[in-house]
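Numbering-wise (my numbering), the sequence shown opens with residue 229 and increments by one.
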Amino acid sequence: MVLRPLAPATMPTLRFSTIPRPLLVRCLHEHTLLHPRIPVLRTKVRPSLLLPIAPTPGLEFITEVEPAIRAVADLLKDSGGKVVVLTGAGVSTDSGIPDYRGEKGAYAVNANYKPIYFQEFVSIHPFRQRYWARGYLGWSQIQHAHPNATHHSLASLHRAGLISHLITQNVDRLHQAAGSLPDHTTELHGTLHEVHCLSCSHTVSRDEFQATLAQMNPDWAQWAAGLEQSGTRPQTNPDGDVELPASISYAGFAYPSCGSCGTGVMKPSVVFFGENIHPRVKQVSFQAVERSKAVLVVGSSLATYSAFRLVKVAKELGKQVGIVNLGVTRGDSIADFKVDLGCALVFSGVQRMLDGGVGSS
Ligand SMILES: [Zn+2]
Numbered sequence: 229m230v231l232r233p234l235a236p237a238t239m240p241t242l243r244f245s246t247i248p249r250p251l252l253v254r255c256l257h258e259h260t261l262l263h264p265r266i267p268v269l270r271t272k273v274r275p276s277l278l279l280p281i282a283p284t285p286g287l288e289f290i291t292e293v294e295p296a297i298r299a300v301a302d303l304l305k306d307s308g309g310k311v312v313v314l315t316g317a318g319v320s321t322d323s324g325i326p327d328y329r330g331e332k333g334a335y336a337v338n339a340n341y342k343p344i345y346f347q348e349f350v351s352i353h354p355f356r357q358r359y360w361a362r363g364y365l366g367w368s369q370i371q372h373a374h375p376n377a378t379h380h381s382l383a384s385l386h387r388a389g390l391i392s393h394l395i396t397q398n399v400d401r402l403h404q405a406a407g408s409l410p411d412h413t414t415e416l417h418g419t420l421h422e423v424h425c426l427s428c429s430h431t432v433s434r435d436e437f438q439a440t441l442a443q444m445n446p447d448w449a450q451w452a453a454g455l456e457q458s459g460t461r462p463q464t465n466p467d468g469d470v471e472l473p474a475s476i477s478y479a480g481f482a483y484p485s486c487g488s489c490g491t492g493v494m495k496p497s498v499v500f501f502g503e504n505i506h507p508r509v510k511q512v513s514f515q516a517v518e519r520s521k522a523v524l525v526v527g528s529s530l531a532t533y534s535a536f537r538l539v540k541v542a543k544e545l546g547k548q549v550g551i552v553n554l555g556v557t558r559g560d561s562i563a564d565f566k567v568d569l570g571c572a573l574v575f576s577g578v579q580r581m582l583d584g585g586v587g588s589s
């Protein structure tokens with residue numbers, strides 16, 4: 229391959245992601261610039277990030293429905309009920325809760341969307357005002373979401389003893405609503421359905437907290453009611469936040485302190501970016517993986533390290549790893565098989581195959 233400078237006319241639209249990876253990697257190895265004025269190779273991108281990830285030898289990459297259903301069903305049957313299922317936002321998109329990331333791993337809702345960070349929430353009052361104001365409008369979509377075919381299929385498999393433990397990154401409680409066994413379901417990133425005090429751990433339901441917010445902010449309550457009636461409520465992000473026009477002021481939004489200790493900061497019981505997962509949750513998750521024979525990732529790009537490391541540990545312990553996700557995931561290179569299809573399509577079929585025994589010999 230002969231490397232030639234790209235035509236200047238292409239430069240204004242050239243982006244890092246649009247450069248063919250083989251070309252980029254070769255340029256890097258040979259210390260060759262694509263073009264003297266193109267800044268790509270002068271950035272501080274670590275070379276390791278540019279190198280293609282070598283797939284596991286023998287990785288089965290599946291893009292057709294029937295082989296996908298069979299691969300998942302075989303994993304479930306061969307593991308004798310010792311399967312940990314790890315789910316992510318891709319499972320809840322069919323319930324109207326958008327994924328942060330699309331098929332390419334980029335933010336799907338808004339490329340510039342920046343979720344709130346734990347330290348911002350804890351230490352800065354205006355950040356809490358903004359979060360609670362936007363979350364106040366966003367709660368309705370989470371509250372009224374219903375489990376979809378994937379949740380129901382997984383719950384059914386869970387109750388049938390084919391899944392030993394379900395770990396979810398989702399904070400919407402839709403797995404539990406579908407009937408997954410609560411004692412064997414772990415919310416890795418917490419839940420939006422509860423609000424707790426950072427000082428004394430006093431916990432209230434989100435519905436109760438929401439009612440208090442409505443009482444304290446009647447103008448916002450009126451606005452929310454209008455949005456509900458008109459069916460124009462804003463799109464809610466997976467952390468319960470919504471995006472509103474920059475002209476909106478949150479300065480007057482009021483929120484309560486802890487009703488028990490009186491002064492503690494109340495926070496939704498989700499793990500924010502920059503916040504540690506509770507040690508007990510981490511322990512339960514790792515123990516579930518250790519006791520399993522296989523880990524099946526469903527609807528997750530494994531972009532968060534807390535989820536990816538469970539898969540990594542599973543692989544290190546010699547467990548079988550399967551992934552069902554439409555789009556690239558961080559675990560593709562270490563999986564035994566990867567299904568690049570939507571979850572509902574696959575799990576409806578898995579359910580039928582296991583229920584009916586069709587082709588399940
Ligand atoms: Zn308190």
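Backbone N, C-alpha and C fix where the C-beta goes; we use that ideal spot for every residue, glycine too. Small disclaimer: the values here were computed from a predicted structure and weren't measured.
>> Check whether the region 345-357 and the region 476-496 touch, using three or more Cβ-Cβ pairs below 8 Å as the test.
In response: With a cut-off of 8 Å, the region 476-496 and the region 345-357 count as touching, because enough Cβ pairs lie within range.
> Do the region 438-448 and the region 507-515 make contact, defined as three or more Cβ pairs closer than 8 Å?
Replying inline: Verdict: no, contact absent.
> What residue range is occupied by the uninterrupted alpha helix (DSSP H) comprising F437?
Replying inline: 434-444
>> So that I know if they touch, is there some Cβ in chain E lying closer than 9 Å to that of G407?
In response: Absence of chain E from the displayed structure is noted, only one protein chain being present.
> What are the complete alpha helix (DSSP H) segments, minimum 4 residues, inside the region 503-557?
Replying inline: 507-519, 533-544
> V523 and V552: beta carbons closer than 9 Å?
Replying inline: no
>> With H, G and I counted as helix, E and B as strand and the rest as coil, what does DSSP make of I297?
In response: In the structure shown, I297 sits in a helix (DSSP, three-state: H, G or I).
> Can you tell which of H417, V498, E294, G286 has the C-alpha that lies nearest to the C-alpha of R580?
Replying inline: Closest by alpha carbon: E294.
>> Rounded to the nearest angstrom, what separates S537 and K543 at their Cα positions?
In response: Ser is not the amino acid found at residue 537; the sequence shown has Arg there. So the two alpha carbons sit approximately 10 Å from each other.
>> If contacts are defined as beta-carbon pairs under 8 Å, then N376 and G316 qualify, I think. What distance do you get, rounded to the angstrom?
In response: Going by Cβ atoms, the distance from N376 to G316 rounds to 14 Å, so no, they are not a contact pair.
> What residue range is occupied by the uninterrupted alpha helix (DSSP H) comprising G318?
Replying inline: 317-320
> From which residue to which residue does the beta strand (DSSP E) around A423 run?
Replying inline: In the sequence as displayed, the identity of residue 423 is Val instead of Ala. First-last of the beta strand (DSSP E) with V423: 418-425.
> CB S323 to CB L402, shorter than 9 Å?
Replying inline: yes
> From I290 to G550, what does the alpha carbon distance come to, in whole angstroms?
Replying inline: 11 Å
>> According to DSSP, simplified to helix, strand and coil, what is A235?
In response: Legend: pLDDT at A235 = 41, less than 50; position of this residue unreliable, value from coordinates given subsequently. Under the three-state reduction of DSSP output, A235 falls in the coil class, being neither helix nor strand.
> What is the residue span of the beta strand (DSSP E) that F565 lies within?
Replying inline: 565-567
>> To the nearest angstrom, how far is the alpha carbon of T491 from that of S485?
In response: Rounded to whole angstroms, the separation of the alpha carbons of S485 and T491 is 5 Å.
>> Quick check: does the Cβ of S427 come within less than 8 Å of any heavy atom belonging to ligand 1?
In response: yes
> Quick one: what's T414 bridged to in DSSP?
Replying inline: The bridge partners DSSP lists for T414 are I395.
> What do you reckon, are the CB atoms on T378 and C571 nearer than 9 Å?
Replying inline: yes
> Nearest CA to the CA of A388: which residue from S488, G555, G309?
Replying inline: Nearest to A388 by C-alpha distance, out of S488, G555, G309, is G309.
> Of all the options V423, H424, Q548, Q404, which has the alpha carbon lying nearest to the alpha carbon of H380?
Replying inline: The shortest C-alpha separation from H380 is found at Q404.
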